[in-house]
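Each remark here refers to the structure printed beneath this line.
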Ligand SMILES: Cc1cc2nc3c(=O)[nH]c(=O)nc-3n(C[C@H](O)[C@H](O)[C@H](O)COP(=O)(O)OP(=O)(O)OC[C@H]3O[C@@H](n4cnc5c(N)ncnc54)[C@H](O)[C@@H]3O)c2cc1C
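Chains as they are written, first to last, in the numbering used here: chain A, 233 to 482; chain B, 192 to 509.
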């Protein structure tokens, strides 16, 4: 099976936001980067799929040349190669444009199943996976927490507010992965060495202009100063009083 | 002139509160609001949508098992027939699943999880978090249809009265994805992302057995859900569906009570827009106190049972 794991290079989750002087972007100075949390689950699922059904796994990203670090780390876990659709402005590319670029690449590669993270932890859109599937005319299941995959389709479970849903789908498909689906493995030394010899291509692509424009970016308003109402269980009446008479939430 | 199509999610005719909030969000764009609904009970739900701001409602009639790709295609077709200038869905699991597909059918970008929407002289603006709310972006789109999902607990439910003019359209049945079953939650159990009150616990609760004092506190409130830090989810004390934070759920309840949670940046990202924040922690220097409106320094295992009794007394007074 031709399996693809789509990943994004994002700032680490402890990154602090600073706004650029034009008021429209994030100051990336001091950012460190990682593979987006849920994308690691996607990579793991791609490798498990290969282990169960055979085939090969390509790690695919739209990102800068520097994303070779994250792609290599993912390959080291057991993928067969990587493709970077080279885009120095990747974080500024909107979800639709990213999805169109990925859809074209997945079609060109003859992919049969593409795993994505359920959301990238930088722009928090959660849109690229299902938009890519829609542009391709493929099936898509989002927020997958359990998966059974065969040669022509499968069944997935997803957590909703009302309970756990069971979803049947055909292939080709995009599956977006949620925490709980698997426990991502660590790359061993052997994998890290092997990854250095596996193919990692940088590919140019036909640009798709953004529709989204950032009018302005700001830091959230600071919360009003709070206070300690007391120590231990004795403070409970003071808390109840504050919740009732000041905050008016009781 | 703005025409906003709103996907109104309902369970057998009862509209989800988040869907009514989404109708409230549509009102902030001005112009006409049209609801689109699917599934059993849609006619009842359409009537309710009318009382919350929808002038018209389109019901996707028939269809067997729920199929997100078929429904998304139908919603996009409704939007095109109406000449809709905007499409909104609530950022629930259903809404977040459907909206990107609808947006792609309309070849339009999507703004997810918006906390505010506005119409500035005809230009529609979305306000949405980046980096889990560490920055707030104000965005516009030059795409054909302005598509957005609205964060739960962020928009008002408007009681407009009135009735929607309801029409039907046959649902497509050629979906490649079908929902074949639902293992429903215990009835009455609220989801952490939707509940008006969230009581969350962390490692300071000691072990999974003592963590259960938070279930009792939530039950005393009656309208509360239990949340958890990643530390206790990873330790297997609580399910991931309860995790609050950058890699869990982003919640914005009226009242958030953090018990035995240190206040790591990834946790805070998931709850800092809550209305009122209470922290209970034995360490007076815990970072969570910097964010909290009210704090109690003390042992959770002593404070929480006392708080549960006090909340029961308040609720008994009515
Ligand atoms: C990529 C990534 C993603 C992450 N995503 C998330 C996320 O989504 N959500 C999240 O929560 N975390 C997330 N984290 C983890 C986060 O960094 C913290 O490790 C985690 O939030 C800590 O959980 P905690 O507050 O329960 O535990 P601790 O940090 O250990 O804090 C326990 C607190 O309990 C207090 N305490 C101890 N005993 C008592 C007592 N008897 N009574 C009262 N208080 C007591 C202590 O003073 C302390 O403040 C993420 C981390 C990474 C690297």
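Here a beta-carbon is modelled for each residue, glycine too, at the ideal position from N, C-alpha and C.
Given the structure is predicted, the values throughout are model-derived calculations rather than measurements.
By how many angstroms is the C-alpha of residue j removed from the C-alpha of residue i?
i	j	result
residue 208 of chain B	residue 344 of chain B	9 Å
residue 310 of chain B	residue 223 of chain B	13 Å
residue 256 of chain A	residue 358 of chain A	21 Å
residue 444 of chain A	residue 196 of chain B	20 Å
residue 275 of chain A	residue 432 of chain A	16 Å
residue 205 of chain B	residue 247 of chain B	18 Å
residue 194 of chain B	residue 472 of chain B	49 Å
residue 429 of chain A	residue 239 of chain A	20 Å
residue 503 of chain B	residue 244 of chain B	37 Å
residue 447 of chain B	residue 391 of chain B	7 Å
residue 420 of chain B	residue 394 of chain B	8 Å
residue 306 of chain B	residue 284 of chain A	42 Å
residue 233 of chain A	residue 311 of chain A	13 Å
residue 281 of chain A	residue 381 of chain A	8 Å
residue 459 of chain A	residue 467 of chain B	12 Å
residue 344 of chain A	residue 371 of chain A	11 Å
residue 455 of chain A	residue 478 of chain A	15 Å
residue 412 of chain B	residue 404 of chain B	13 Å
residue 477 of chain B	residue 219 of chain B	39 Å
residue 367 of chain B	residue 261 of chain B	8 Å
residue 291 of chain A	residue 323 of chain A	18 Å
residue 334 of chain B	residue 400 of chain B	52 Å
residue 475 of chain B	residue 461 of chain A	12 Å
residue 349 of chain A	residue 508 of chain B	47 Å
residue 465 of chain B	residue 444 of chain B	5 Å
residue 381 of chain B	residue 279 of chain A	36 Å
residue 405 of chain A	residue 288 of chain A	16 Å
residue 291 of chain B	residue 360 of chain A	8 Å
With a threshold of 7 Å, establish whether the CB of residue i neighbours any heavy atom of ligand 1.
i	result
residue 490 of chain B	yes
residue 239 of chain A	no
residue 461 of chain A	no
residue 352 of chain A	no
residue 383 of chain A	no
residue 464 of chain A	no
residue 269 of chain A	yes
residue 458 of chain B	yes
residue 593 of chain B	Past the boundaries of the shown model lies residue 593 of chain B; chain B is included only from 192 to 509, so the question cannot be answered.
residue 420 of chain B	yes
residue 397 of chain B	yes
residue 423 of chain B	yes
residue 499 of chain B	no
residue 472 of chain B	yes
residue 477 of chain B	yes
residue 245 of chain A	yes
residue 438 of chain B	yes
residue 435 of chain B	yes
residue 427 of chain B	no
residue 452 of chain B	yes
residue 349 of chain A	no
residue 393 of chain B	yes
residue 324 of chain B	no
residue 461 of chain B	yes
Chain C partners of residue i, CB-CB under 8 Å?
i	result
residue 251 of chain A	Annotation note: the requested chain C is absent from the structure, which comprises protein chains A and B.
(request) Examine the Cβ distances between the segment 327–334 of chain A and the segment 428–445 of chain A and report whether three or more of them are shorter than 8 Å. (result) Proximity of the segment 327–334 of chain A to the segment 428–445 of chain A meets the contact definition, three or more beta-carbon pairs being nearer than 8 Å.
(message) Threshold first: 4 residues or longer. Then list the alpha helix (DSSP H) segments lying entirely within the segment 199–258 of chain B, N to C.
(response) 208–218, 233–241
(request) Check whether the segment 367–381 of chain A touches the segment 390–400 of chain A, counting contact only when three or more Cβ pairs, one atom from each stretch, lie closer than 8 Å. (result) yes
(request) Let me know the beta strand (DSSP E) ranges lying completely inside the segment 289–331 of chain A, each 3 residues or longer, listed in chain order. (result) 313–318
(message) For a minimum of 3 consecutive residues, which ranges assigned as the beta strand (DSSP E) are wholly contained in the segment 399–449 of chain A?
(response) 405–409, 432–435, all fully within the segment 399–449 of chain A.
(request) Go through the segment 360–397 of chain B residue by residue and report every complete run of the beta strand (DSSP E) that reaches 3 residues or more, in order. (result) 368–375, 388–392
(message) I'd like the ranges of any beta strand (DSSP E) spanning at least 3 consecutive residues and lying wholly in the segment 235–277 of chain A.
(response) 241–243, 265–267
(request) Would you check if the segment 417–430 of chain A and the segment 426–441 of chain B touch, i.e. whether three or more CB-CB distances between them fall below 8 Å? (result) Touching, no, given that fewer than three Cβ pairs across the two stretches are closer than 8 Å.
(message) I want to know whether the segment 270–288 of chain B touches the segment 341–359 of chain B - three or more CB-CB distances under 8 Å.
(response) yes
(request) Could you name each continuous beta strand (DSSP E) segment of 3 residues or more that falls completely within the segment 424–460 of chain B, going from the start of the chain to the end? (result) 446–450
(message) With a threshold of 8 Å, are at least 3 pairs of Cβ atoms found where one atom belongs to the segment 356–368 of chain B and the other to the segment 466–481 of chain A?
(response) no
(message) Below 8 Å, how does it come out for the segment 245–263 of chain A and the segment 446–466 of chain A: are there three or more Cβ pairs, yes or no?
(response) yes
(message) Can you confirm whether the segment 250–257 of chain B touches the segment 286–300 of chain B when touching is taken to mean that 3 or more C-beta pairs between the two stretches lie within less than 8 Å?
(response) no
(message) Would you call the segment 458–470 of chain A in contact with the segment 255–269 of chain A, where contact means no fewer than 3 C-beta pairs closer than 8 Å?
(response) Because the criterion of three Cβ pairs below 8 Å is not met, the segment 458–470 of chain A and the segment 255–269 of chain A do not touch.
(message) Pairs of beta-carbons, one from the segment 448–459 of chain B and one from the segment 480–497 of chain B, closer than 8 Å: are there three or more?
(response) yes
(message) For the segment 322–331 of chain A against the segment 358–368 of chain A, do three or more pairs of beta-carbon atoms, one drawn from each stretch, fall closer than 8 Å, so that the two count as touching?
(response) Contact between the segment 322–331 of chain A and the segment 358–368 of chain A is present: 3 or more CB-CB pairs across the two stretches fall below 8 Å.
(request) Ignoring anything shorter than 3 residues or poking outside the segment 269–327 of chain B, list the beta strand (DSSP E) runs there in chain order. (result) Counting only unbroken stretches of 3 or more residues, the beta strand (DSSP E) elements lying wholly within the segment 269–327 of chain B are 277–281, 301–305, 307–311, 314–321, in sequence order.
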